[in-house]
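Down below is the structure, laid out as structure tokens.
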Amino acid sequence: MKLLPRKEGPRGAPNWIVTFADLMTLLLTFFILLLSFSNIDAEKYKAIAYSMSRAFGLSWVEA
Numbered sequence: 002m003k004l005l006p007r008k009e010g011p012r013g014a015p016n017w018i019v020t021f022a023d024l025m026t027l028l029l030t031f032f033i034l035l036l037s038f039s040n041i042d043a044e045k046y047k048a049i050a051y052s053m054s055r056a057f058g059l060s061w062v063e064a
């Protein structure tokens with residue numbers, strides 16, 4: 002009895018993408034955890050936002 006040739010199915014993503022996606026998930030989790038433990042000072046945040054907007058040439062609107 003002759004063996005039939007194997008039919009190749011549709012190719013998916015490369016194997017390394019699973020490891021990369023896992024790494025990105027772990028990094029995101031780490032930074033969310035860091036943010037959850039931090040104390041955010043509203044005045045410092047406002048000063049940084051103002052400084053960044055001036056550095057990038059954006060107009061600053063007081064709310």
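The opening residue of the sequence shown carries number 2 in the numbering used here; numbering runs sequentially from there.
Glycine included, every Cβ here is placed at the ideal spot set by N, Cα and C.
Item                                                       : Value
Length of the line joining the Cα atoms of Pro11 and Trp17 : 17 Å
Under 9 Å between C-beta atoms of Ser52 and Ser60          : no
Backbone secondary structure at Phe57 - three-state DSSP   : coil
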